[in-house]
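Residue numbers (UniProt numbering): 1 to 473.
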Amino acid sequence: MGDDGTAIDVEETTLCCCKPLISLKQAESGVLAFEFKPPADVLSGKSRGTFSKSKVLRHANGSVIRSSGYGLTQVKMSLGQGPTMAKKQAMKRLNGQKLRKQEQALERKLTAYPVKCGLLTSHQPQHDESSSLEPSVLLSPVASIAFDTTSSLIATSHHDYSLNIFKFPFVKYGPPSKQITTEIAVPSDERPARLPTAPTFSLHNHLIAYHNCIYNIGSDLQNMNISNSSAPLLKLPGLATNAQFFYKDKFILFSNNGRLSCNHIHLAQQPIFKLSQKPALSWSFSGTITAIASIDNFVSDIIAVASSDRCIRVLDAESGSIAWCRTDQTGQKAFHSIAFPNPVASNHLSPETFNLLAGASISDGGTISLYDLRTAEEISSLRGHLNRKERCGISFSPCMRYIASGSEAVGGAVLYDLRRPVFVLTKIGTKNAKGQPLLDGTITSVVFNPLYPQVVTGSLAGRLRFFTEKSPP
């Protein structure tokens, strides 16, 4: 009873005496906190799916502010039960985001390659100083160098049949990130005559082909720690060598003495690699195959093969025939290195510009022969570098202005300007940025960066040197 004698309702009294629904600070901020509780059947695991017990903030006016989803709880799955549809969709969205980030990063790199680039003679010491190539990693002489299509990885093969994979640029990632030691079935007395071949990267599957094996580098490139050995994903049959990807990763080329095989392969997003047991195409020659050249970046049916019988052949993979064959004159040596122009998506040259084939031999102390693919005629012979013993590699620049060659002279590698009426040669690697001589010995491999004007040289001293057209800042 009240003071005035009126009756008081019990429910109203209880309501007046209870704790306020909101505090003073919450009332001033206008934000209320509620907790969502899923139904009992969900908490017991009878319903499939995932539910969030995270808090949802509400303003006093009724608008909702969703949180970041902390406190996410997932329904327990019994043994043998597959992932829920929500989890599958979440993983699909995550993979799509990673793919879009990779495509955006590649688009930022793919700027137009300059057609009129200058001489690549300026040494870049920041890569030499920051890389700190350890003697245990690069002690063996370099045999060949290869870039991947995005210029994010460099692979180097060595005379001890080891393979090193670097993250590029060195100034950012430092020392090499993966080392592979291979066991190649070549007798010790034949190894000086059968040097390891150049490695080749696949386009989209993070694989690398080297000599007679296919290796999986890893899709995320984050777990590339240095290791003494790495098991190959696939080992080619017999005494295979010169393994390389062909026709946009649809085929694999490899040689076995005088036989060239072209086998169909199946690559998937997961580490699945299938090689057809029967070759799709095969050719047999009288001499031992010394070098193979093909194009994997674009659809191309042309394959070039050099053999020990001093012949260079161009094969048509579409028809399986030999397009043409050239035999050098008496006294000439067999080609130990051949190269096609390497078209890249960032240049805008006419397709007619790439109808060239180059072959290097030790004839006359070092000769590079240029052939026209359409007429099979030798259009020029380049002499000016010293190559009497070692296998010095050659390569075309993406702008098709230069062809680079290794050299046994102390002066370093050589650049030939193909746009001059008389091909002018320029030596690179003679001095560093401070004007001091670079005594690296014989330069065995020279390759161009596929994205911007830069050339990389590898030597018998086990060193990599980088040069560009402009002096580093």
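Ideal placement from N, C-alpha and C gives every residue a C-beta, glycine not left out.
Whole-number beta carbon distance between residue j and residue i, since they are thought to touch under 8 Å
i    : j    : result
F170 : L153 : F170 to L153, Cβ: 12 Å. No contact.
I292 : Q244 : 7 Å
A240 : N212 : 4 Å
K389 : S363 : About 13 Å separates the two Cβ atoms, so there is no contact after all.
I214 : L234 : 4 Å
A323 : V314 : 4 Å
A461 : I403 : Contact doesn't hold; Cβ gap of about 24 Å is too wide.
Beta-carbon spacing of residue i, residue j below 8 Å
i    : j    : result
Y113 : N347 : yes
S395 : V447 : yes
H336 : A317 : no
G251 : A280 : One point to set straight first is that residue 251 is Phe, not Gly, in the sequence displayed. It is a contact, given that the beta carbons lie within the stated cut-off.
K248 : L207 : no
G258 : F285 : yes
T444 : G393 : yes
V410 : D417 : no
N242 : T197 : yes
S405 : H385 : yes
L438 : R465 : yes
Start and end residues, beta strand (DSSP E) containing residue i
i    : result
H158 : L153 to H158
L359 : According to the sequence provided, residue 359 is Gly. The question's Leu does not apply to it. Its beta strand (DSSP E) spans residues L356 to S361.
V142 : V142 to F147
Q277 : Careful: Q277 lies outside any beta strand (DSSP E) and carries neither H nor E.
Q244 : T241 to F246
I165 : S162 to K167
A209 : L207 to Y210
Y215 : C213 to N216
S255 : F251 to N256
S202 : It is not in any beta strand (DSSP E) - S202 carries neither H nor E in the DSSP assignment.
Y371 : T367 to D372
R463 : Counting along the chain, R463 falls outside any beta strand (DSSP E), and DSSP gives it neither H nor E.
Rounded straight-line distance, which links the Cα of residue j to that of residue i
i    : j    : result
L253 : S261 : 6 Å
L463 : Q89  : In the sequence as presented, Leu is not what sits at residue 463; that position holds Arg. Distance between the alpha carbons of R463 and Q89: 48 Å.
G441 : G429 : 10 Å
L195 : A143 : 8 Å
G412 : H266 : 42 Å
T150 : P450 : 8 Å
N387 : V115 : 29 Å
P341 : Q179 : 29 Å
A304 : T121 : 30 Å
S350 : D372 : 15 Å
W283 : S294 : 15 Å
G366 : A339 : 16 Å
F201 : A146 : 8 Å
E378 : T426 : 23 Å
P453 : T353 : 18 Å
S162 : G458 : 15 Å
S140 : D309 : 30 Å
T330 : N95  : Caution applies to T330, whose pLDDT of 48 falls short of 50 and renders its modelled position unreliable; the model cannot decide the point.
T156 : S407 : 18 Å
V455 : L356 : 20 Å
S276 : L236 : 11 Å
F246 : D301 : 9 Å
D87  : Q97  : In the sequence under discussion, the amino acid at residue 87 is Lys, which differs from the Asp named in the question. Cα to Cα, the separation comes out at about 15 Å.
M85  : C117 : 53 Å
S255 : R401 : 31 Å
S52  : R100 : The predicted position of S52 is uncertain, since its pLDDT is 44 and thus under 50; a value taken from the coordinates is nonetheless stated next. So the two alpha carbons sit approximately 28 Å from each other.
T327 : R391 : 20 Å
L382 : S397 : 16 Å
G287 : H123 : 41 Å
A376 : C311 : 12 Å
Q126 : A209 : 30 Å
Q436 : N263 : 49 Å
C325 : L415 : 28 Å
K37  : R93  : Here K37 scores only 48 on pLDDT, less than 50, and its place in the model is too uncertain to base an answer on.
L119 : K274 : 44 Å
D160 : M91  : 43 Å
H158 : D296 : 23 Å
Residue-level contact to chain B via CB, residue i, 8 Å cutoff
i    : result
K178 : Reference to chain B is not applicable here, since this structure consists of a single protein chain.
Return the chain-ordered ranges of every beta strand (DSSP E) run that is complete within the segment 283-342 and spans a minimum of 3 residues.
289-294, 302-307, 311-316, 321-327 and 337-339
Whole alpha helix (DSSP H) elements within the segment 380-457, 4-residue minimum:
none
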